[in-house]
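So the structure is just underneath, and the comments pick up after that.
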Amino acid sequence: MVKNLAPVTNRIELLDVIRGFALIGILFANILSWSGIKFLDFNTIISFGNIEDDRMLYDILKYFIDTKFYTIFSLLFGIGFSLQISRNKDNPAFPPLYARRLGLLILIGLSHALIWSGDILVLYALMGFIMLTIRNISQSMQLKMALLLFVTPLLLDIIYMYTFASEIPEITAVALKMYPDMSPEEVVTGFQSVNFITVFKMNFHNLIWRWYDFIPSGRPFKVLGLFLLGSYLYSSGYFTSTVKKFKTLIIWLILGFGLTYLSMTLKGGVSSYSKSWSDILYKLIHEVGQISLALSYISIIAILLHKFPKLFLWEGFKAYGRMSLTSYIGQSIIGIFVFYPIIGLEYYGKLSLESIYYFGLVILIGQIAFSMLWFRWFKFGPIEWVWRCATYKKIFPILKE
172 MVKNLAPVTN RIELLDVIRG FALIGILFAN ILSWSGIKFL DFNTIISFGN IEDDRMLYDI
232 LKYFIDTKFY TIFSLLFGIG FSLQISRNKD NPAFPPLYAR RLGLLILIGL SHALIWSGDI
292 LVLYALMGFI MLTIRNISQS MQLKMALLLF VTPLLLDIIY MYTFASEIPE ITAVALKMYP
352 DMSPEEVVTG FQSVNFITVF KMNFHNLIWR WYDFIPSGRP FKVLGLFLLG SYLYSSGYFT
412 STVKKFKTLI IWLILGFGLT YLSMTLKGGV SSYSKSWSDI LYKLIHEVGQ ISLALSYISI
472 IAILLHKFPK LFLWEGFKAY GRMSLTSYIG QSIIGIFVFY PIIGLEYYGK LSLESIYYFG
532 LVILIGQIAF SMLWFRWFKF GPIEWVWRCA TYKKIFPILK E
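Heads up, the sequence shown is in my numbering, so the first residue is 172 and it goes up one at a time.
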């Protein structure tokens, strides 16, 4: 049965462009981890100089980038799933084939997590299995379930607040990311080691804590909710006309910027347990603002692509988005090579945010140029090709004729 299910080769340009755009934000968010600045104590960061410039850059990151681009990627996963379902609705070969595709994505994600703890692919694949299970629900049910999933972490937080709030210790932040069992100095020293076992253990330590942080942040619920929201928006026709309307953009911009700014004035953290109603309110406002701002970015891209379809910029974004899996994992590999002393240039924990972002720009330009050159001769990105061949148990020609 599976062999009768042919892979779809036609692509939707808008989705590839948005995917490429999202990769840019993901790069500049994740580079804080590879570079080590995320784990440095604030006094060390201040000692680099240019602290005012770094603060401005970090504010830009928090306001415009952080959580917004993973939101876009999650919506795109849901859109892609909806596309697959619409094309294979009555094909009994689809569920086992898609399950194998997700299983392979878990293996790819686990391999990625072994070199960098911030991997998101495993979580995406696990939530994808749930999407496969509920694939036949109606459009209205998709939206209702998405809203319920967005609210669920807040409901759990209320339970935590009334049950465990008194047991949660007060922690004074001395770094952007801290762990209860290690000081910032210990984390940075671990990654600055030239001993493979030490670095591996440090990465595994961070990986365990990352999955633990999914509990207070509610990340699995949010990701599944975004999958469902993306699927709903696509199946309801949002991306054929509504997304290109200026009125739609204005609504999302007002909601996105307004609520994101309000959440920053309230202060709080999405990865920490709530101790008060003010913390709950922060998480609610932050979540709605993050989704609204992500949707506003999508609208901006859709409107500009519609008005100026021949811009050379789109070719770069499109190529970058077509090999999104290769580019995403490639970002980690390049970042580790640049910053980790064990195999790279030994810049880990030694640069200001401004300098780190210069590296980010070089990585970005290099990856986009590589993507554009690659697709002159090849049909698929390298990891995408392997994933496709393994999914269908068939070797597909990768060279263009």
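Backbone N, C-alpha and C fix where the C-beta goes; we use that ideal spot for every residue, glycine too.
(request) In the DSSP assignment, find the alpha helix (DSSP H) that holds Phe392 and state where it starts and stops. (result) 390-406
(message) Using C-beta distances below 6 Å, list every residue in its chain close to Ile243, excluding the 5 sequence neighbours before and after it, in chain order.
(response) Ala193, Ala465
(message) Among the candidates Gly552, Cys560, Leu522, Phe551, whose CA atom is the shortest distance from the CA of Gly220?
(response) Leu522
(request) Leaving aside the five residues before and after Phe210 along the sequence, list all residues of the same chain whose C-beta is less than 7 Å from its C-beta, in chain order. (result) Ala346, Lys348, Pro355, Val358, Val359
(request) Compare the beta carbon distance of Phe510 and Gly207 with 8 Å and say whether it is the shorter of the two. (result) yes
(message) My output table needs one value for Met349: the three-state DSSP class, helix, strand or coil.
(response) coil
(request) Give every residue of the same chain whose Cβ lies closer than 6 Å to the Cβ of Trp556, excluding the five residues on either side of it in the sequence, and list them in chain order. (result) Ile569
(request) Could you tell me which of Gly401, Ser257, Ile368, Gly299 sits nearest to Gln313, measuring between CA atoms? (result) Gly401
(request) Measure the Cβ-Cβ separation of Leu247 and Leu294 and say whether it is below 8 Å. (result) no
(request) Could you check the C-alpha separation between Ser406 and Ser257 for me, to the nearest Å? (result) 8 Å
(request) Please list, in chain order, all residues of the same chain as Ile527 whose beta carbon is under 7 Å from its beta carbon, the five residues on each side excluded. (result) Ile202, Ser206, Ile208
(request) Give a yes or no on whether the C-beta atoms belonging to Ser364 and Ile514 are separated by under 8 Å. (result) no
(message) In whole angstroms, give me the CA-to-CA distance for Met332 and Gly289.
(response) 27 Å
(message) Counting C-beta neighbours from all protein chains within 10 Å, is the total for Ile500 16 or more, i.e. buried, or is it exposed?
(response) buried
(request) Taking all protein chains shown into account, decide if Glu458 is buried (16 or more other Cβ within 10 angstroms of its Cβ) or exposed. (result) buried
(request) State whether the stretch 272-282 contacts the stretch 543-560, with contact taken as three or more CB pairs (one from each stretch) at a distance under 8 Å. (result) yes
(message) Going by DSSP in three states, Leu254 sits in which element: helix, strand or coil?
(response) helix
(request) Using 10 angstroms around the beta-carbon of Lys574, count the other beta-carbons present and answer buried if the total reaches 16, otherwise exposed. (result) Because the chain spans 172 through 572 in this model, residue 574 falls outside it and cannot be assessed.
(message) Here's the rule I'm using: 16 or more other beta-carbon atoms within 10 Å means buried, otherwise exposed. How should Asp261 be labelled?
(response) exposed
(request) Go to Asn214, then tell me how far its alpha helix (DSSP H) extends in each direction, as first and last residue. (result) 213-218
(request) Please confirm whether Lys571 and Phe541 have their CB atoms less than 8 Å apart. (result) no
(message) Is the beta carbon of Asp225 closer than 8 Å to that of Glu486?
(response) no
(request) Starting from the C-beta of Asn366, find all residues in its chain whose C-beta is less than 8 Å away, skip the five residues before and the five after it, and write them out in chain order. (result) Ile513
(request) Using only alpha-carbon positions, find the residue among Val533, Tyr519, Thr562 that is nearest to Thr215. (result) Tyr519
(message) On the criterion of 16 or more Cβ atoms from any shown chain inside 10 Å, does Gly191 qualify as buried, or is it exposed?
(response) buried
(message) Am I right that Thr562 and Leu275 are in contact with their C-beta atoms under 8 Å? What's the rounded C-beta distance?
(response) 6 Å
(request) State buried or exposed for Gly537, treating a residue as buried only when at least 16 other CB atoms are found within 10 Å of its CB. (result) exposed
(request) Would you give the residue range spanned by the alpha helix (DSSP H) that Tyr511 belongs to? (result) Careful: Tyr511 lies outside any alpha helix (DSSP H) and carries neither H nor E.
(message) Looking at Phe252: is its Cβ nearer than 8 Å to the Cβ of Met316?
(response) no
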